[in-house]
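*Asks:* One structure coming up, written as structure tokens, with questions to follow.
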Amino acid sequence: MHNFLILLMYILLNIFRTSRCISVSCAKRNMSFKYPEARRDETVKDSYFGTEITDPYRWLEDPDAQETQKFVDDQNAVTRPYLEGCVYKEEMKNKIKKLWNYTKVSAPFRHGNRYFQYRNTGLQNQSVIYVQKDLDSEANVFLDPNLLSEDGTVALSGTAFSEDGKTFAYGLSSSGSDWLEIKFKDVETGKEYDEILKKVKFSPMTWMHDNKGFFYGAYLDQTGKADGSETKSNENQKLYYHELGSDQSNDIVVVEFDDPQLRIGAHVSDCGNYLVISATKGCKNNLLYFAKLNTEKISGKLKLTEVVGEFTADYEYITNDQNIFYFHTNKNASNYRIVSINFDNPVESEWKDLISEHSKDVLDWAHAINEDMLVVCYLQDVKNILQLYDLRTGNKLHDFKLDVGTISAISGKKHHKEMFYCFCSFLTPNIIFRVNFDVNGSIKESLFHETKVGKFEPSKYETRQVFYKSKDGTEIPMFIINKKGLVNDGTKPCLLYGYGGFNINLTPSFVVSRLIFIENFDGVYALANIRGGGEYGDNWHNAGRFGNKQNCFDDFQYAARYLVENKYTNVDKLIIQGGSNGGLLVAACINQAPNLFGAAICQVGVLDMLRFHKFTIGYAWKSDYGCSEEQEQFEYLYRYSPLHNINLPKNGQYPATLLLTADHDDRVVPLHSLKFIAELQYKIGKLASQTNPLMIRIETRAGHGKGKPTSKVIEEVTDTFCFISRALNLTFLS
């Protein structure tokens, strides 16, 4: 009886709280809402080069304040009932779980005399690592992250086997945070070592070839919380050497820089005699150094030799042949090239092209295999091409036959005579191919594994790539996926996705939720490869950086116009979606063209463009966005910053808008979304014409997205579909 009374009081309390925050009135498809009253402090002001800007919700930047927590609770009290009120919710969730429930496996990867592979039976929160002696023997569980937490919120994040394959280093992240703890495991016995490396973030993991020690990056000087819920900037990363079997307190600083914002990358060379060091301040361009590793015990800082001392280009280590090192770079090559550098004389004038820049195709990455070969992946009109080259001459040896799609993973080491690669597309789940290299030079390629997804029939759907003109006449590629036999009559709902930043490519991939949208909403899915990404190399990226950022928003809005004008959909049924930098894209577009969209899904977005650089790793994004502390950059940031450009729509209203964030997102901290929704509800939510919902979903024990357990992913997709269904009055077809 006592428990029943407690339950009854809880229900009544929530009914009361909800009734205070939301009022419902009849409308054709929407409700009018009364949003929580959030305190505005108009006294908080900043001056930027003579422009005074008020920041009334600055208090929401403190995640630990009771007032912030109350704001979160009040917002959830509006959003949860709306999502729970979707009549299709259980049907949606069951459909998603059913299609999601298929076996997923990674390409095998060999270390020492064993093969390892990630496997997921379908709905496991985290994939499990299996081990086997050879590819035909029984596979046994090597490490199951699902046993590390009841709710699946502890995830693997970074792994490294020692050169002999006998010791396994692995990073663990909790609740989606970027912070890691590194642990060590004996491969033969399964025994865990005692030491745990803490305060690790954005870290390389690379072993000395004597198998005794390990290099990693950490912020051991950072004070205060380090669990992902803090907002403090991450500064003063150092590279440490850890000797296996010792306590972290004994670890040795081997590399550090004076600039507190530099992040350090490290890679022990394939020969084991060098440590290649990269240092980056942002997300573009890096410095390059190396240190010679001798057999003596490491006891202090390494002596670094400078190869590149200015932030002018990107350099990524591929492999080396003794003192000749090979790097993937965009130095004087917008579409990238592979250069060889003699570390005995690393001056730039002595560098040589191994594979020169292609006139059109982008050299995306390269991987060493079979001692003297390079597997090279190109991007041609947003589709991958895979080729084999001679490492010493740069001559092409072989073309791998691929359908239109993406090489999503590759496995194999330089000294291995076999490799595996994974292929996928919008309608093709993971296919794994095995390639064997014979001593006579012949190449044998075979199908190793083909993923089957329930009753999914790819023949029922079709994919096309179109090119449309943006505002300035630039042609932008876009993929469109729909059921076969689509009649372009402008009646279908359409989900348009974009990113457009940080040189990131959006290539074809198999995503269950997209297929459910197409099938069960009878919809169309579109993926726009707008400027700011890397789909056409460095020039494409630069066309969406700094003062060119408006190109990204124009490209996305013109993608929407194309879809409407060609009658794939209409503005009332057009949904836009993006995450992180893509969340910025979505928010900027609904500010600039609110009448162009029916709904907007803004996930973990960067929304305060004047203060983003002050929190966690935000300063690294200045390489794409610029910084409000520079006058010219302030002026263009202020022109599009979503938080500062919420204005009354000239006609109609804002589209139905759902923001998604998480309490342990220490990449794009939740304050961006909290401040934006507060301002949006204050300025727009009170309008009589605004019947479309303006809501936020705040996840707990989750971060920016990486490592999110399957159960939480399914819940998020379900809630997103519920929002779309209710806001646009869409039927979820059985």
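Going left to right, the sequence shown walks through residues -21 to -1, 1 to 713 as mature numbering (1 follows the signal peptide of the UniProt record, and there is no 0) numbers them.
Glycine included, every Cβ here is placed at the ideal spot set by N, Cα and C.
Computed from a predicted structure; not experimentally measured.
With LEU135 and GLY150 assumed to form a contact (beta carbons below 8 Å), what rounded beta-carbon distance in angstroms separates them?
*Replies:* By 1-based counting over the sequence shown, the position of residue 135 is 156. By 1-based counting over the sequence shown, the position of residue 150 is 171. At roughly 7 Å, the Cβ-Cβ gap stays under 8 Å, so LEU135 and GLY150 are in contact.
*Asks:* Kindly confirm or deny that the region 597 to 617 and the region 666 to 673 touch, where touching means at least three C-beta pairs closer than 8 Å.
*Replies:* Touching, no.
*Asks:* Go through the region 399 to 447 residue by residue and report every complete run of the beta strand (DSSP E) that reaches 3 residues or more, in order.
*Replies:* For the region 399 to 447, whole beta strand (DSSP E) runs of length 3 or above, ordered along the chain, are 410 to 416 and 422 to 429.
*Asks:* Go through its chain and collect everything with a Cβ distance to LEU542's Cβ below 7 Å, but skip five positions before and after it.
*Replies:* On the sequence shown, residue 542 is found 563 positions in, with the first residue counted as 1. Excluding positions up to five away in sequence, the list reads CYS473, LEU475, ALA505, THR548 and LEU553.
*Asks:* Quick check on DSSP: helix, strand or coil for TRP330?
*Replies:* Position 351 of the sequence shown, counted from the first residue, corresponds to residue 330. Of the three classes helix, strand and coil, the one that applies to TRP330 here is coil, per DSSP.
*Asks:* Quick one, which of ASN545, ILE596, LYS13 and ARG371 has its alpha-carbon nearest ASP300's?
*Replies:* Position 321 of the sequence shown holds residue 300. Out of ASN545, ILE596, LYS13 and ARG371, ARG371 has the C-alpha closest to the C-alpha of ASP300.
*Asks:* Just checking, does the region 111 to 118 make contact with the region 128 to 148 on the three C-beta pairs under 8 Å criterion?
*Replies:* Touching, no.
*Asks:* Can you pull the DSSP bridge partners for MET187?
*Replies:* The sequence position of residue 187 within the sequence shown is 208, counting from 1. Answer by DSSP bridge pairing: none, since MET187 is not bridged.
*Asks:* For LEU659, does the three-state DSSP call read helix, strand or coil?
*Replies:* Taking the sequence shown and counting its residues from 1, the one referred to as residue 659 is at position 680. It is helical.
*Asks:* Is the Cβ-Cβ distance between PHE655 and PRO634 less than 7 Å?
*Replies:* In the sequence shown, the residue the question calls residue 655 occupies position 676. In the sequence shown, the residue the question calls residue 634 occupies position 655. The answer is no: Cβ separation not under 7 Å.
*Asks:* Do you know how far the Cα of SER488 is from the Cα of GLY64?
*Replies:* Here residue 64 corresponds to residue number 85 of the sequence shown, with the count starting at 1. Here residue 488 corresponds to residue number 509 of the sequence shown, with the count starting at 1. Their Cα atoms are separated by approximately 32 Å.
*Asks:* Where in the region 41 to 119 do unbroken runs of the beta strand (DSSP E), each at least 3 residues long, occur, reported from the N-terminal end onward?
*Replies:* Runs found: 88 to 90, 93 to 99 and 107 to 111.
*Asks:* Does chain C have any CB closer than 7 Å to the CB of ALA579?
*Replies:* Among the chains in the structure shown there is no chain C, since it carries only a single protein chain.
*Asks:* Is it true that the CB of ASN190 sits closer than 7 Å to the CB of GLU142?
*Replies:* Here the question's residue 142 lines up with position 163 in the sequence shown. Here the question's residue 190 lines up with position 211 in the sequence shown. In contact: GLU142 and ASN190 (Cβ atoms closer than 7 Å).
*Asks:* So what's TYR617 in DSSP terms, helix, strand or just coil?
*Replies:* For the purposes of this step, residue 617 is taken as residue 638 along the sequence shown, with counting starting at 1. If DSSP states are grouped into helix, strand and coil, TYR617 belongs with the helices.
*Asks:* Report yes if the CB atom of HIS651 is closer than 7 Å to the CB atom of LEU586, and no otherwise.
*Replies:* The residue given as residue 651 occupies position 672 in the sequence shown. The residue given as residue 586 occupies position 607 in the sequence shown. The answer is yes: Cβ separation under 7 Å.
*Asks:* Quick one: residues in its chain with C-beta nearer than 6 Å to the C-beta of CYS401, no 5 flanking neighbours on either side, listed in chain order?
*Replies:* The residue you call residue 401 lines up with position 422 of the sequence shown. The answer, listed in chain order, is ALA86, SER387, ALA388, ASN409 and ILE411.
*Asks:* May I ask you to report which of helix, strand or coil DSSP gives ASP378?
*Replies:* For the purposes of this step, residue 378 is identified with residue 399 of the sequence shown, where counting begins at 1. ASP378: strand per DSSP, three-state reduction.
*Asks:* Could you give the residue range of the alpha helix (DSSP H) that holds SER704?
*Replies:* Here residue 704 refers to the residue found at position 725 of the sequence shown. 689 to 707 is the extent of the alpha helix (DSSP H) around SER704.
*Asks:* To the nearest angstrom, how far is the alpha carbon of PHE535 from that of GLY511?
*Replies:* Taking the first residue of the sequence shown as position 1, residue 535 is located at position 556. Taking the first residue of the sequence shown as position 1, residue 511 is located at position 532. Whole-angstrom Cα-Cα distance: 11 Å.
*Asks:* From the DSSP output, read off the bridge partner residues of ILE231.
*Replies:* If you number the sequence shown from 1, residue 231 lands on position 252. In DSSP, ILE231 forms a bridge with TYR220.
*Asks:* Ends of the alpha helix (DSSP H) at SER602?
*Replies:* Numbered from 1 along the sequence shown, position 623 holds the residue referred to as residue 602. That run of the alpha helix (DSSP H) goes 601 to 604.
*Asks:* If ALA539 sits next to ALA706, beta carbons under 8 Å apart, how far is it from one beta carbon to the other, in whole angstroms?
*Replies:* Counting from 1 along the sequence shown, the entry for residue 539 is found at position 560. Counting from 1 along the sequence shown, the entry for residue 706 is found at position 727. Their Cβ separation, rounded to whole angstroms, is 17 Å, which puts ALA539 and ALA706 out of contact at 8 Å.
*Asks:* Considering only their Cβ atoms, is the gap separating LYS180 from ASP200 smaller than 7 Å?
*Replies:* Mapped onto the sequence shown, residue 200 falls at position 221. Mapped onto the sequence shown, residue 180 falls at position 201. Cβ atoms of ASP200 and LYS180: not closer than 7 Å.
*Asks:* Pick out whichever of CYS531, ASN461, ASN419 and LEU358 has its Cα sitting closest to the Cα of TYR515.
*Replies:* If you number the sequence shown from 1, residue 515 lands on position 536. Out of CYS531, ASN461, ASN419 and LEU358, LEU358 has the C-alpha closest to the C-alpha of TYR515.
*Asks:* Does the separation of the CB atoms of VAL414 and GLU424 fall below 7 Å?
*Replies:* Position 435 of the sequence shown holds residue 414. Position 445 of the sequence shown holds residue 424. A contact, by the Cβ cut-off of 7 Å.
*Asks:* From LYS170 to PHE702, what does the alpha carbon distance come to, in whole angstroms?
*Replies:* Counting from one through the sequence shown, the residue named residue 170 turns up at place 191. Counting from one through the sequence shown, the residue named residue 702 turns up at place 723. When rounded, the distance between both Cα atoms is 47 Å.
*Asks:* If I measure Cβ to Cβ from TRP519 and keep anything under 6 Å in the same chain, skipping five residues before and after, which residues do I get?
*Replies:* Along the sequence shown, one-based indexing puts residue 519 at 540. Cβ within range, chain order: ARG510.
*Asks:* DSSP on TRP158, reduced to helix/strand/coil?
*Replies:* For the purposes of this step, residue 158 is identified with residue 179 of the sequence shown, where counting begins at 1. Residue state, collapsed to three classes: coil.
*Asks:* If you check the beta carbons only, do GLY523 and GLY479 fall under 7 Å apart?
*Replies:* Position 544 of the sequence shown, counted from the start, is the residue given in the question as residue 523. Position 500 of the sequence shown, counted from the start, is the residue given in the question as residue 479. Yes.
*Asks:* Please name the residue, chosen from LEU342, VAL418 and TYR81, that lies closest to residue 727 on a Cα-to-Cα basis.
*Replies:* No information on residue 727 is available, as it lies outside the stretch -21 to 713 that the chain covers here.
*Asks:* How close, in whole Å, do the beta carbons of VAL503 and ASN461 come, if the pair is a contact with beta carbons under 8 Å?
*Replies:* Mapped onto the sequence shown, residue 503 falls at position 524. Mapped onto the sequence shown, residue 461 falls at position 482. Confirmed, about 5 Å.
*Asks:* In the structure shown, what three-state DSSP assignment does VAL647 receive?
*Replies:* One-based indexing of the sequence shown puts residue 647 at position 668. In the structure shown, VAL647 sits in coil (DSSP, three-state: anything other than H, G, I, E or B).
*Asks:* Of all the options LYS662, TRP344, LEU494 and LEU426, which has the alpha carbon lying nearest to the alpha carbon of TYR404?
*Replies:* The count along the sequence shown starts at 1 and reaches residue 404 at position 425. The displayed chain sequence assigns Ser, not Tyr, to residue 404. Closest by alpha carbon: LEU494.
*Asks:* Give me the DSSP bridge partner(s) of ALA388.
*Replies:* Counting from one through the sequence shown, the residue named residue 388 turns up at place 409. Answer by DSSP bridge pairing, in chain order: CYS401.
*Asks:* Under 7 Å, do TYR220 and VAL233 count as touching if we go by C-beta distance?
*Replies:* Locating residue 220 in the sequence shown gives position 241, where the first residue counts as 1. Locating residue 233 in the sequence shown gives position 254, where the first residue counts as 1. The answer is yes: Cβ separation under 7 Å.
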